[in-house]
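Residue numbers (UniProt numbering): 1 to 238.
Positions of the beta carbon are idealized from the N, C-alpha and C atoms, including for glycine.
Since the structure is predicted, the reported quantities are computational estimates derived from the model, not experimental observations.
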């Protein structure tokens, strides 16, 4: 879950931003609301938000000063300054403070949504615990593999089916299943091959093709690496 801190001394503005985030966007949590610069600095340390929406006209330390202070030690933090002023001087101050974005007030919901969606797109790993740790998502993945492992199934294919990038899906799969994707496919193919060898008289060549391998010799090498014996030796043993 991505954590957001909102800082403004305008109660209506705070409420409007809360409504936009909670009603329009998933995977975000508002962890704090601040009304002055010192509170923002303190909450940033204690709550460690990923994103800060920060009014430029805060009492005490203004938004520009707070941004400079936070960015000095938290360069990766996304800070979005909010202001009623649409002029070069303010934009220049925002850039100098190293703010990541600048929103004009009144805040337009579509601009907030655009910023947050872009953040999610660039930080997919933050959804790790929200998605593949979810039992339904994990079962959906494994069910798809179980139905298709005899085909020439690929990591990219399954990632696309689950609507994930290949890199993100690969990392997530290994984290929650315990082995990488290719190793998992090999294991379930070999387990199924063992069952077929025990229960049928299918030829080794046909068995290789049935398990999704184009080369019987390669299938035999894979089987031996997993079981310590060839498919023929396994059949004789059982």
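Q: Could you check which residue in 208, 174, 149 and 121 has the C-alpha nearest to that of residue 165?
A: Within the chain shown, the letter at position 165 stands for residue 165. When only C-alpha atoms are compared, the closest one is 121.
Q: Please state whether DSSP places residue 219 in a helix, a strand or coil.
A: To locate residue 219, count along the chain shown from 1; it is residue 219. Helix.
Q) For residue 2 versus residue 176, is the C-beta spacing smaller than 8 Å? A) The residue given as residue 2 occupies position 2 in the chain shown. The residue given as residue 176 occupies position 176 in the chain shown. Contact flag unset, no.
Q: Would you tell me roughly how many angstroms separate the C-alpha atoms of residue 232 and residue 27, rounded to the nearest one?
A: In the chain shown, counting from the first residue as 1, residue 232 sits at position 232. In the chain shown, counting from the first residue as 1, residue 27 sits at position 27. Roughly 51 Å separates the two Cα atoms.
Q | Start and end residues, beta strand (DSSP E) containing residue 10 | A | Position 10 of the chain shown, counting from 1, holds the residue named residue 10. Per DSSP, residue 10 belongs to no beta strand (DSSP E) and is neither H nor E.
Q.
With DSSP as the reference, identify every bridge partner of residue 101, one or two as the case may be.
A. Numbered from 1 along the chain shown, position 101 holds the residue referred to as residue 101. BP columns for residue 101 point to 80.
(Q) Between 163, 52, 64 and 77, which has its C-alpha nearest residue 138's C-alpha? (A) Taking the chain shown and counting its residues from 1, one reaches residue 138 at position 138. For the residues 163, 52, 64 and 77, the minimum Cα distance to residue 138 belongs to 163.
Q.
With three or more C-beta pairs closer than 8 Å as the rule, is the segment 199 to 209 touching the segment 169 to 186?
A. Not touching, per the Cβ criterion.
**Q.** Per DSSP, the bridge partner or partners of residue 3
**A.** The residue labelled residue 3 in the question sits at position 3 within the chain shown. Per DSSP, 29.
Q: May I ask you to report which of helix, strand or coil DSSP gives residue 58?
A: Counting from one through the chain shown, the residue named residue 58 turns up at place 58. DSSP places residue 58 in coil when its eight states are reduced to three.
Q. What is the DSSP secondary structure of residue 231, reduced to helix, strand or coil?
A. Here residue 231 refers to the residue found at position 231 of the chain shown. In the structure shown, residue 231 adopts helical secondary structure according to DSSP, grouped into three states.
Q | Whole-angstrom distance between residue 186 and residue 225, CA atom to CA atom | A | Residue mapping note: residue 225 aligns to position 225 of the chain shown, counting from 1. Residue mapping note: residue 186 aligns to position 186 of the chain shown, counting from 1. Taking the straight line from one Cα to the other gives about 10 Å.
Q. Relative to the C-alpha of residue 108, which residue among 97, 82, 89 and 154 is closest?
A. In the chain shown, residue 108 corresponds to position 108, counting from 1. Residue 108 has its Cα closest to that of 82, out of 97, 82, 89 and 154.
**Q.** Residues of its chain near residue 51, where Cβ-Cβ distance is below 6 Å and the 5 sequence neighbours each way are ignored
**A.** The residue you call residue 51 lines up with position 51 of the chain shown. Excluding sequence neighbours, residue 51 sits near 4 and 78.
Q | Proximal residues to residue 16 (C-beta, below 6 Å), its chain only, five neighbours per side dropped | A | As a working mapping, residue 16 is identified with position 16 in the chain shown. Excluding sequence neighbours, residue 16 sits near nothing in its chain.
Q | Proximity winner among 113, 117, 110 and 86, relative to residue 102 (alpha-carbon distances) | A | Within the chain shown, numbered from 1, the residue matching residue 102 stands at position 102. Ranking 113, 117, 110 and 86 by Cα distance to residue 102 puts 86 first.
Q: For residue 94, collect the residues of the same chain with a Cβ closer than 6 Å to its Cβ; drop the 5 residues on either side in sequence, then sort them by chain order.
A: As a working note, residue 94 is residue 94 in the chain shown. Closer than 6 Å at Cβ, skipping near neighbours: 81 and 102.
Q. Ordered along the chain, which non-local residues of its own chain (more than five positions away) have a Cβ less than 6 Å from that of residue 97?
A. As a first step, residue 97 must be located in the chain shown, where it is residue number 97. So the qualifying residues of the chain are 64, 67 and 68.
Q. In the structure shown, what three-state DSSP assignment does residue 209 receive?
A. What you label residue 209 is simply residue 209 of the chain shown in a count that begins at 1. Three-state result, residue 209: helix.
Q: Enumerate in chain order the residues of its own chain whose CB-to-CB distance from residue 111 is below 8 Å, with the five nearest sequence positions on each side excluded.
A: On the chain shown, position 111 is the one that residue 111 refers to. For residue 111, where only same-chain residues beyond five positions count, the Cβ hits under 8 Å are 103.
Q | As assigned by DSSP and simplified to three states, the class of residue 53 | A | Numbered from its first residue, the chain shown carries residue 53 at position 53. Three-state DSSP puts residue 53 in a strand.
(Q) Let me confirm a value: residue 45 is counted as buried when at least 16 other C-beta atoms fall within 10 Å, else exposed. Which label applies? (A) Position 45 of the chain shown, counting from 1, holds the residue named residue 45. Answer is exposed; the Cβ neighbour count stays below 16.
Q.
By the DSSP assignment, the alpha helix (DSSP H) with residue 37 in it spans what residues?
A. Along the chain shown, read from residue 1 onward, the residue named residue 37 stands at position 37. In this chain, the alpha helix (DSSP H) harbouring residue 37 covers 37 to 47.
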